[in-house]
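With the sequence shown counted from 1, adding 165 to any position gets you the numbering used here.
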Amino acid sequence: MNRRKFLYSLSAFGLLPSYPSFSIEPNPEVVVIGAGAAGLAATDRLIKKGISAICLEVNNRIGGRAHTNTEYFGVPYDVGAHWIHNAKSSPYLDYGLSAKAEGFDVYKPPTSGGEQKYKVYDGKRNITDTSLERGLWKEYNKVSNLISAAALKGLDVSASSVVGNSRSEWFETVHQLIGPYDMAKDFKDISCVDFNTYPSWSLDWFCKQGYGALVKHRWRGLPVHLNTIVKEIHYTSQDKVEIETSKGKLNPRKCIVTVSNGILASENIKFFPKLSEKKVEAFNKIKMGIYNHVTGLFEEKFFREIGMEEMDMYLYYKISGSNTSPRGMGCLMNISGSNLCYFDYGGDFAKELENEGEAAQKSFTIEQLKSIFGSKIDKYLLKLHATQWGKNKFTLGSYASADPGFAHLRKYLKIPVEDKIFFAGEATAFEYASVSGAHRSGIRAADEAIKALNF
166 MNRRKFLYSL SAFGLLPSYP SFSIEPNPEV VVIGAGAAGL AATDRLIKKG
216 ISAICLEVNN RIGGRAHTNT EYFGVPYDVG AHWIHNAKSS PYLDYGLSAK
266 AEGFDVYKPP TSGGEQKYKV YDGKRNITDT SLERGLWKEY NKVSNLISAA
316 ALKGLDVSAS SVVGNSRSEW FETVHQLIGP YDMAKDFKDI SCVDFNTYPS
366 WSLDWFCKQG YGALVKHRWR GLPVHLNTIV KEIHYTSQDK VEIETSKGKL
416 NPRKCIVTVS NGILASENIK FFPKLSEKKV EAFNKIKMGI YNHVTGLFEE
466 KFFREIGMEE MDMYLYYKIS GSNTSPRGMG CLMNISGSNL CYFDYGGDFA
516 KELENEGEAA QKSFTIEQLK SIFGSKIDKY LLKLHATQWG KNKFTLGSYA
566 SADPGFAHLR KYLKIPVEDK IFFAGEATAF EYASVSGAHR SGIRAADEAI
616 KALNF
């Protein structure tokens with residue numbers, strides 16, 4: 166592999182989009198708070214409609230939870246969002262395949278029977294394409310159907326309460342796949358109704374240069390003020406909103422808030438007067454889950470030796486024990502042919518490892534890999550890095566889903582406040598927990614603000 170092929174600069178991608186020059190003017194028509202996918206889409210929509218708008222971002226970069234790092238490993242590494250979900254309708258797939266994204270390789274992964282390729286291990290045995298493998302998918306289908314059946318009956322209860330006590334040897338693996346690996350939560354913390362509202366499955370796509378890099382490229386040149394802390398939002402005035410920031414006060418006519426539910430629940434941004442009890446309850450009950458990557462860089466020979474030379478294959482393995490939070494990981498191997506692999510954790514166990522520190526995250530990962538591949542891991546593993554999204558002060562978590570019994574509160578997240586403050590972000594979206602969902606929510610909130618402006 167030639168790593169230089171993965172490295173690039175924005176200058177390689179042509180001219181920047183045309184946006185007006187900008188400074189922090191005190192009285193724009195709209196202020197957008199947060200420069201993740203939702204905030205960026207909202208700001209772009211407003212400007213293209215001829216409305217004066219600025220975007221404020223507390224971090225020193227745009228993209229939010231979609232961010233590609235090329236320093237840790239020398240190749241693109243998505244530290245957050247990586248999968249292009251809902252590819253058939255994803256605005257980022259359309260963009261990535263367009264001439265505007267010259268230099269980006271957006272692609273469908275290798276498939277077999279319409280599904281992304283994978284291998285299944287039971288201990289050190291590769292049981293893919295054997296009768297033993299069928300036990301995994303039988304348990305998977307059984308558990309999925311039980312959760313869906315409860316949701317269709319309108320039972321807004323925990324997934325753990327409906328999966329039953331008759332469990333196969335694959336239950337912990339299935340729990341990890343459906344719960345922590347998908348929802349960033351354990352079954353006890355997942356609402357059956359909320360889980361079942363997500364759009365039907367479609368094959369995910371990938372971007373070789375990184376999903377975060379694709380997001381950054383799409384919005385290069387957009388007027389965003391970085392390193393700007395929003396402290397308070399006052400909406401008592403009849404025709405203005407007063408926003409207090411680390412760089413002074415702003416007085417727009419409208420405000421769009423796109424920060425995570427973790428930040429809103431923490432009350433790091435104060436609202437005056439206080440928001441309704443229903444809205445505050447929604448921030449706290451449509452709760453952020455924890456999902457972390459422990460990412461490894463391997464010698465290329467490793468993939469040949471284990472028979473996983475093809476890029477972007479999943480590795481499933483039997484997780485032992487019987488725990489409320491499965492002590493195992495989800496694995497995506499040889500990402501985009503870069504020799505990187507994701508070993509991902511979610512739910513309470515991810516939080517436990519995160520609290521113990523990066524050394525614990527790495528140590529457990531190596532232990533699991535050795536249980537599958539033996540001591541050859543020591544020979545081929547070059548480097549590891551672990552994310553800690555639960556401790557990330559800009560998000561306080563990975564993505565949001567409803568606590569059992571509170572799925573009905575999701576609709577309150579996006580309800581505007583007095584036609585002055587509008588809300589967007591992945592938690593407000595039908596396609597929650599996705600970049601495309603966040604993007605569409607930003608456009609929706611921008612259109613609501615435009616209508617309120619009588620523009």
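Quick reminder that beta carbons are idealized off the backbone N, C-alpha and C, glycines included.
Following the DSSP letters along the chain, one finds T530 in no beta strand (DSSP E) but inside the alpha helix (DSSP H) bounded by residues E523 to F538. Per DSSP, S323 is not a residue of any alpha helix (DSSP H), being assigned neither H nor E. Pairing P241 with G511 gives a Cβ-Cβ distance that is not under 7 angstroms.
P274 is classed as buried because its beta carbon has at least 16 other beta carbons within 10 Å across all chains shown. With respect to the 7 angstroms criterion, A567 and S356 are classified as neighbours on the basis of their beta carbons. Under the three-state reduction of DSSP, Y363 is assigned to coil, being neither helix nor strand.
Ranked by how close their Cα comes to the Cα of A316, the residues T362, A349 and Y283 have T362 in first place. In this structure, DSSP gives T423 a state outside helix and strand, which the three-state scheme calls coil.
Burial state of I394 is exposed, judged by a 10 Å Cβ sphere holding fewer than 16 other Cβ atoms.
Contact annotation: K214 and I615 have beta-carbon atoms nearer than 7 angstroms. Shown here, I249 sits in a strand according to DSSP, grouped into three states. Residue K483 holds the alpha-carbon nearest to the alpha-carbon of L297 among K443, D369, I421 and K483. Distances from the CA of L211 to each of L342, L387, E596 and A592 were compared; the closest alpha carbon is that of L387. CA-to-CA, the gap between G607 and I455 works out to about 23 angstroms.
Setting aside the 5 residues that flank it on each side, L547 is surrounded in the same chain by L462, F463 and E464, each with a C-beta closer than 7 angstroms to its C-beta; the list follows chain order. For the 7 angstroms CB-CB criterion, A589 and A203 form a contact.
Closest by C-alpha distance to I531, out of F508, E407, A515 and A252, is F508. Taken atom to atom, the span from the alpha-carbon of D287 to that of K412 is near 56 angstroms. The continuous stretches of alpha helix (DSSP H) do not include L262, and DSSP gives it neither H nor E. Only residues of its own chain outside the window of five on either side were considered, and among them A447, I451, F588, A592 and T593 have a CB closer than 7 angstroms to the CB of L578, listed in chain order. The closest CA to that of G201, considering only T293, H390 and K307, is found on H390. Distance from the CA atom of S331 to the CA atom of S365, rounded to whole angstroms, is 27 angstroms.
Three or more pairs of CB atoms, one per stretch, sit closer than 8 angstroms, so the stretch 594-605 contacts the stretch 252-271. Here the stretch 374-385 does not lie against the stretch 414-421, with fewer than 3 beta-carbon pairs under 8 angstroms apart.
Membership of E407 in the beta strand (DSSP E) is indicated by the continuous run E407 to T410. In the structure shown, the three-state DSSP call for A572 is helix.
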